[in-house]
Structures are given as C-alpha cells and as structure tokens.
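Those protein sequences? They're chains A and B, same order as listed.
Offset between the first sequence (1-based) and the working numbering: plus 7.
Offset between the second sequence (1-based) and the working numbering: plus 171.
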Amino acid sequence: MNWFKKNSVVEDERIVNLKNKLYKEVYVLIMVICSISVIIKSFMQPEAESVWLEMLIIVGGSLYFGIRSVGLGIYSDEVEVHDQRSKISFSKRTAIWGLIIGVILALYFGIRSAVLYGNGNSATEIKYFLSVFIFSLIIYIPLFVGVNIVTHYGANKMSQKMSKDDDLDA
Amino acid sequence: MKNIKLKMARVEKDLSQEELAQIVGVSRQTIGLIELGKYNPSLSLCVAICKALSRTLNDLFWEED
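Below, the structure written as structure tokens:
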C-alpha cells in the first residue's frame with residue numbers, strides 16, 4: 008500500500024520557519040513606515056483625516072494580532088513563560104509599558120504644539136510645550152496604564168480559558 | 172556542533188545530500204545545514220531522515236557527553 012506513503016513526506020520546515028521570520032520582519036517594517044508617516048504628516052498636515060489609513064493599518068494589525076493570540080491561547084502561555092524566567096512579572100511590565108507610552112505621547116503632543124503653534128518664539132514654544140506636555144502626562148499616563156492593565160487581565164483570562172479548552176480536547 | 176553521524180549514515184547508504192533531501196521532501200540546503208549543525212530539525216523531520224537512512228533517532232541525533 009504505497010499510496011499512503013506520500014503523506015509521510017514532511018514539509019521543509021526550515022523554509023517555512025524562514026518565511027515566517029520574513030513575514031514578521033515585513034510586519035515590523037510596515038508598522039515602522041506607518042508610524043513615521045503618521046509623525047511626519049501630523050507635523051506637515053495637522054488635519055486628523057490625513058492619517059486615518061495609517062492609523063487603521065497600525066490599530067487593525069495590532070488588534071488582529073491580539074485577538075488571534077488570545078483565541079489561540081498563546082497569550083497566556085507567553086505570560087506563563089515570561090513569569091517563569093523574568094524577575095519582573097508580565098503585569099508589571101505591561102503597566103511600565105503603559106507609563107512609557109504615556110510619556111512618549113505627552114512628549115510628542117508637547118513638541119507638536121510647540122512647533123505648530125509656537126510662532127517661532129522660543130518663550131511661547133516652551134510655554135506651549137510645557138503646558139501641553141504636563142496636561143498630556145496627567146491624561147495619558149493613567150489612561151494607558153489603566154487600559155494596558157485591564158486589557159492584559161482580560162486577555163490573559165480569556166487566553167487561559169482557550170488553553171484549557173485545548174487541554175480538554177487533547 | 173556538526174552531525175557527523177548523519178553524514179556517515181548518508182554516505183554508508185550511498186546517498187548524496189540532494190538524494191536524501193528528495194527522499195525526505197526537503198531542500199538540499201536543509202540537509203546540509205543539519206549536517207553542519209546550523210539548523211535544528213523538528214522531531215518529525217528527524218524521524219523522516221531516520222526512516223530514509225534506516226536508522227534510529229538514537230543512532231543519528233543523540234549526542235554523547
């Protein structure tokens with residue numbers, strides 16, 4: 008019965024692995040290009056409409072990745088592996104990232120306001136920068152830390168449930 | 172670390188890297204990189220190579236201390 012032997016031929020996993028690595032690199036490249044485009048456009052064309060497509064690609068790609076990784080149960084697996092190896096827990100790391108994102112966004116909005124509305128006067132630029140930066144810090148740090156922590160706990164719970172369902176199937 | 176055992180088993184079977192690759196269903200480079208120890212194959216690929224060379228996993232992929 009040689010007919011069934013063909014099925015045992017394995018796929019060249021090295022090529023598959025390298026292709027997956029390339030897809031990952033392409034994804035990172037697209038995200039970097041879109042982010043640069045958003046930053047440049049927001050300084051050159053302050054209207055929000057001009058960056059919708061880039062934001063759709065960035066947010067859509069991230070959402071798809073997040074939903075799929077929770078659905079497959081790998082999010083909780085990643086958290087488990089991370090917590091086994093690292094001194095800082097994944098939840099703390101998520102909160103720290105929320106803080107970093109908040110500071111970066113506040114810096115970005117501060118610089119943008121100073122450049123766009125400072126009228127070339129350094130005193131006005133510093134005033135705009137500081138007022139927008141401090142106000143953004145107050146808003147974005149609690150927002151991103153909170154959203155990150157809540158999303159992390161929700162995603163981890165759902166992912167754990169998915170992983171358990173897989174165990175039951177096995 | 173180079174996989175000398177795999178290379179020896181392949182030569183004993185009188186197979187080139189290309190012929191072994193064709194039997195297993197992978198590229199010649201993959202076999203070459205496994206022999207050079209530059210690529211770690213999955214268990215299913217190891218089993219396929221063992222079957223093609225009529226050896227066991229122990230014979231080809233177990234490293235002595």
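For each residue, glycine too, the CB sits at the ideal point set by N, CA and C.
Check, Outcome
"Could you give the residue range of the alpha helix (DSSP H) that holds Gly-109(A)?", "97–124"
"Closer than 8 Å between beta carbons: that is the criterion. Which residues of the segment 187–198 of chain B meet it against chain A?", "Val-195, Gly-196, Val-197, Ser-198"
"Measuring only the C-alpha atoms, how far is Ala-177(A) from Met-165(A)?", "Confidence at Ala-177(A) is low in this model, with a pLDDT of 49, below 50, so the placement of that residue should be treated as unreliable; the coordinate-derived value is given next. Cα to Cα, Ala-177(A) sits roughly 19 Å from Met-165(A)."
"So what does DSSP say about Arg-226(B), is it helix, strand or coil?", "coil"
"Arg-21(A) touches chain D at which residues, Cβ-Cβ below 9 Å?", "Annotation note: the requested chain D is absent from the structure, which comprises protein chains A and B."
"Less than 8 Å between the beta carbons of Met-3(A) and Val-77(A), yes or no?", "Absent from the structure is residue 3(A), since the part of chain A shown begins at 8 and ends at 177."
"With 16 other CB atoms within 10 Å as the buried threshold, where does Pro-237(A) fall?", "With chain A covering only 8 through 177, there is no way to say anything about residue 237(A)."
"Go ahead and label Val-139(A) buried or exposed: buried means 16 or more other beta carbons lie within 10 angstroms of its beta carbon, across all protein chains shown.", "buried"
"Should Phe-136(A) and Ile-111(A) be called a contact, given that it needs their Cβ atoms to be closer than 8 Å?", "no"
"Give the secondary structure of Val-197(B) by DSSP, where H, G and I count as helix, E and B as strand, and everything else as coil.", "coil"
"For Thr-164(B), which residues from the same chain have a beta carbon less than 7 Å from its beta carbon, with the 5 sequence-adjacent residues on both sides left out?", "Missing from the structure shown is residue 164(B); chain B here goes from 172 to 236 and no further."
"Does DSSP put Gln-52(A) in a helix, in a strand, or in coil?", "coil"
"Between which two residues does the alpha helix (DSSP H) carrying Trp-59(A) extend?", "59–78"
"For the alpha helix (DSSP H) holding Tyr-82(A), just list the boundary residues, first then last.", "81–92"
"Tell me the DSSP secondary structure of Glu-32(A) in three-state form.", "helix"
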